[in-house]
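S.K.: If you read the protein sequences in the order shown, they are chains A and B. Residue 78 in our numbering sits at position 78 of the first sequence, and the numbers go up by one each step. To get our numbering, take the position in the second sequence, counting from 1, and add 1000. Just so you know, even glycine gets a beta-carbon here, dropped at the ideal spot from N, CA and C. Bear in mind the structure is a predicted one, so any value in this text is a computation, not a measurement. Submitted below is the structure of interest, expressed as structure tokens.
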Amino acid sequence: AAGVIQSPRHLIKEKRETATLKCYPIPRHDTVYWYQQGPGQDPQFLISFYEKMQSDKGSIPDRFSAQQFSDYHSELNMSSLELGDSALYFCASQGQGANTEAFFGQGTRLTVV
Amino acid sequence: AQKITQTQPGMFVQEKEAVTLDCTYDTSDPSYGLFWYKQPSSGEMIFLIYQGSYDQQNATEGRYSLNFQKARKSANLVISASQLGDSAMYFCAMRDRSGGGADGLTFGKGTHLIIQP
Chain A
1 AAGVIQSPRH LIKEKRETAT LKCYPIPRHD TVYWYQQGPG QDPQFLISFY EKMQSDKGSI
61 PDRFSAQQFS DYHSELNMSS LELGDSALYF CASQGQGANT EAFFGQGTRL TVV
Chain B
1001 AQKITQTQPG MFVQEKEAVT LDCTYDTSDP SYGLFWYKQP SSGEMIFLIY QGSYDQQNAT
1061 EGRYSLNFQK ARKSANLVIS ASQLGDSAMY FCAMRDRSGG GADGLTFGKG THLIIQP
């Protein structure tokens, strides 16, 4: 079965640079979530999209933005990167229904140096 | 108050034994969902099991079952016949809308499970 695809898997950026993370949800899933997991931490919700519209925001910094495109893939754009942005970034997708299973991608490990 | 509490930071269990990972939650929303995820050292987040607040039966998925006690607000994960490959971090998570919360999942701090041969 198709899973959530994230790219790239690993990314190294310097401080103040920008980064773009991509997420391709499971086919026919209409909701996408982005999470940030710092080292040794639990994942923190950043932002979500439902049917290409922003659905909700969590603890997403103003330096970050995201969007969902017509083919349902989503991109997380991160600017003015800081050392503290180094983390594992997950995308998750969910099918119809508020409380159904949410499946995660393998994550993008971002290292800011 | 913590929305999701996992009181066991780490656990050591002998192979083939059953394991219970504790999770308690706090919400005023009558409609919510509870999730368990496994995160091996490789980092991916693997969905294990889901329980909806209105589900009458406890959820089961193979060797995983969820001991859902609604009145106590607990959703413990039970792994039967543990295997060495079960060694990982386990996260309990909830989705609800109480307190104007976001619709993303709120995770507990996790339990690091180590299965010993």
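With a threshold of 6 angstroms on Cβ separation, who are the neighbours of alanine 102 (chain A) within its own chain once the five nearest residues in sequence on each side are excluded?
M.R.: Correct list, in chain order: Ala92, Gln94.
S.K.: Going along chain C in order, which residues have a C-beta closer than 8 angstroms to the C-beta of glycine 1062 (chain B)?
M.R.: Absence of chain C from the displayed structure is noted, the protein chains being A and B.
S.K.: Which of the three DSSP states is assigned to glycine 84 (chain A) in this structure?
M.R.: Glycine 84 (chain A) falls in the helix class under three-state DSSP.
S.K.: Across the stretch 14–31 of chain A and the stretch 1084–1092 of chain B, are there enough close Cβ pairs to call them in contact, namely three or more that are closer than 8 angstroms?
M.R.: No, the stretch 14–31 of chain A is not in contact with the stretch 1084–1092 of chain B.
S.K.: Mind checking threonine 1060 (chain B): buried by the 16 CB within 10 Å criterion, or exposed?
M.R.: The residue in question, threonine 1060 (chain B), is exposed, as its Cβ has fewer than 16 Cβ neighbours within 10 Å.
S.K.: Per DSSP, methionine 78 (chain A) forms a beta bridge with which residues?
M.R.: Note: methionine 78 (chain A) sits in a beta bridge opposite A:Ala19, A:Phe64.
S.K.: Within 9 angstroms (strictly less), CB to CB, does phenylalanine 1035 (chain B) reach chain A?
M.R.: Yes - at least one Cβ of chain A is within 9 angstroms of the one on phenylalanine 1035 (chain B).
S.K.: Give a yes or no on whether the minimum CB-CB distance between lysine 1109 (chain B) and chain A is below 9 angstroms.
M.R.: Yes - at least one Cβ of chain A is within 9 angstroms of the one on lysine 1109 (chain B).
S.K.: Which of the three DSSP states, helix, strand or coil, is assigned to glycine 1052 (chain B)?
M.R.: Looking at glycine 1052 (chain B) - three-state DSSP - the assignment turns out to be strand.
S.K.: Leaving out the 5 sequence neighbours to the left and right, which residues in its chain are closer than 7 angstroms to alanine 2 (chain A) when beta-carbon positions are compared?
M.R.: The answer, listed in chain order, is Ile26, Pro27.
S.K.: Do we get a CB-CB distance below 9 angstroms when we pair threonine 20 (chain A) with the residues of chain B?
M.R.: Not closer than 9 angstroms to any Cβ of chain B, the Cβ of threonine 20 (chain A) fails to qualify, so no.
S.K.: Check the Cβ-Cβ distances between glycine 107 (chain A) and every residue of chain B, and say whether any is below 9 angstroms.
M.R.: For glycine 107 (chain A), the answer is yes, since a Cβ of chain B falls inside 9 angstroms of its Cβ.
S.K.: May I ask which residues mark the beginning and end of the beta strand (DSSP E) holding tyrosine 1090 (chain B)?
M.R.: Segment 1088–1095, the beta strand (DSSP E) holding tyrosine 1090 (chain B).
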